[in-house]
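For what it's worth, this note's numbering labels the leading residue of the sequence shown as 1358, then goes sequentially.
We treat Cβ as the ideally placed atom computed from N, Cα and C, and that holds for glycine.
Take a look at the structure set out below.
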Amino acid sequence: MNAHDILYALSDIDRDLVERAEGKHKTKRILLRLLAAAACFCILLAVCVPATLIYIFTHLEYGGEDHQYKRIDLSAEALGNADETINFFTKIESNVTDTFATTMPIYEITPRTITDEDVLQFSDHFNVTGTELIWHTSSAVWFGDQRVFRDNGNELKYNDHANNSYDPMTQSDEEIVAQAIEIFEDLPLIEGEYECLGVLSTQTQQDCIKDGDDYIVGEKYIVSKRVVFRKKIDGIRILGDEFCSMYFNSKGLYTLRMEFYDYTKVGEIPMLSLDDAIDKIKDADAFSVETDGTTFSGIADKLNVERVKLLYVNQYSNGCTILQPVFNLMGTAENDTGIAEFSAKIIAIPKKYTYEDD
């Protein structure tokens, strides 16, 4: 073998070594790429799966932003204009220490169907017997001056016209409330927990006495008092459409009205924190200040939040299909003129879960 052949053989060996080395590097690059792809896949799983689960949970459990509920309207709850009591410079202070959950159950509202049998049972309870009339969704049973009506499919009314009276009432609020509770506890068709809110309104009258060609107006006197009962769910009072109202005069009970609804839990929904609710007090959904019997007037220098109560509101008659939580913030408004009690109601559902009519 000459020198040329030896050099050629060595060249083949070097080429083979280079090709093997390049092959190893290529395999290593492929493995590295595979490892990188696997790492990216794991990262995607770690990020996307929880996000997907959160999305699904939000949309199935909370209803999601694409499953919004009609927002309740509390403007009718406001007494007066908040702008007349609060401005930018009004200081807000709070000493409440109550704690609340970060979510609340979604309770779907369904009007309870009052059947003919229910009407008859209600009538028998008040010893009302006689002819029954049925038209559309309403019915009436009456005998003499007593009548029982079913209205709107889920409302019952009892009237005793024999007890009509405009004489001055001599019964105290405590006596009327005790009588109302005794009547309520014996009523049929009642389901769940209720609480008595006491006498919430009165009806007054004034007599006019003719004196020659003139009339003398007498002092006002109370002729009727209304006692209200409210249903509770999970220990929380329900305001709005569901209620029991009893009307009393000097002869006793003369009218009773009740609306019935059923509530079904269909999920949960986030709610505002108490701190967030207090921060919204200057933009409350309903604001009232009670100035009767006080010297308070004008813009408050400070609002002291002293008490808070969580409520549910049923506005099914307004197209709202779920119970909606509301913070009722209560306390005192004060300035140089005096001090007055205030109430600020804040809807506790974040707006992204609701919509409002235009």
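Straight-line gap, residue i to residue j (C-alpha atoms, nearest Å)
i: M1526; j: C1601; result: 22 Å
i: V1406; j: I1626; result: For V1406, the predicted structure reports a pLDDT of 48, less than 50, and the residue's modelled location is therefore unreliable. A value from the coordinates is still provided. Answer to the nearest angstrom: the Cα atoms are 22 Å apart.
i: L1629; j: C1553; result: 28 Å
i: D1714; j: N1675; result: 11 Å
i: T1559; j: K1582; result: 4 Å
i: V1574; j: D1568; result: 10 Å
i: T1711; j: Y1464; result: 15 Å
i: F1457; j: K1666; result: 10 Å
i: T1415; j: L1686; result: With a pLDDT of 44 at T1415, under the threshold of 50, the predicted position of this residue should be treated as unreliable, and no value is reported.
i: G1510; j: E1599; result: 13 Å
i: K1637; j: N1438; result: 16 Å
i: A1697; j: K1427; result: 34 Å
i: I1533; j: V1498; result: 27 Å
i: T1454; j: I1429; result: 27 Å
i: T1678; j: Q1672; result: 8 Å
i: P1545; j: E1474; result: 12 Å
i: E1422; j: A1705; result: Its pLDDT being 45, under 50, E1422 is placed unreliably by the model, and nothing is read from it.
i: E1418; j: E1450; result: Note on E1418: pLDDT 48, under 50, position unreliable in the model; the coordinate value appears next. Whole-angstrom Cα-Cα distance: 35 Å.
i: L1557; j: A1537; result: 13 Å
i: A1535; j: F1586; result: 12 Å
i: D1632; j: F1684; result: 11 Å
i: D1517; j: T1648; result: 37 Å
i: P1707; j: D1543; result: 40 Å
i: Y1578; j: Q1425; result: 49 Å
i: Q1563; j: R1614; result: 27 Å
Beta-carbon gap between residue i and residue j smaller than 8 Å
i: T1442; j: A1701; result: no
i: A1634; j: I1703; result: yes
i: Y1515; j: F1541; result: no
i: I1590; j: Y1551; result: no
i: Y1669; j: I1595; result: yes
i: L1660; j: F1605; result: no
i: E1616; j: N1452; result: no
i: T1486; j: K1639; result: no
i: K1709; j: P1462; result: no
i: S1496; j: R1504; result: no
Rounded Cβ spacing between residue i and residue j (contact assumed at less than 8 Å)
i: G1719; j: K1588; result: Lying outside 1358 to 1715, the shown extent of the chain, residue 1719 is not represented and no answer is given.
i: I1471; j: L1513; result: 6 Å
i: V1584; j: M1603; result: 5 Å
| Going along the chain, which unbroken runs of the alpha helix (DSSP H) with 4 or more residues stay wholly within the segment 1432-1511? | 1473-1482
| query | Are there three or more Cβ pairs, one per stretch, closer than 8 Å when the segment 1630-1644 is compared with the segment 1476-1484? | reply | no
| task | Pair every Cβ in the segment 1467-1474 with every Cβ in the segment 1647-1664, then say whether three or more of these pairs are closer than 8 Å. | result | no
| field | alpha helix (DSSP H) runs contained entirely in the segment 1518-1567, provided each spans 4 or more residues | value | 1530-1541
| Cβ pair count under 8 Å reaching 3, the segment 1442-1453 against the segment 1599-1618 | Cβ pair count under 8 Å is below three, so no.
| task | Entirely within the segment 1564-1628 and at least 3 residues each: give me those beta strand (DSSP E) ranges in chain order. | result | With a minimum length of 3 residues, the unbroken runs of beta strand (DSSP E) contained wholly in the segment 1564-1628 fall at 1565-1568, 1571-1574, 1578-1590, 1593-1597, 1601-1606, 1609-1616, 1618-1627.
| Length at least 3, wholly inside the segment 1636-1663: the beta strand (DSSP E) runs in chain order | 1643-1647
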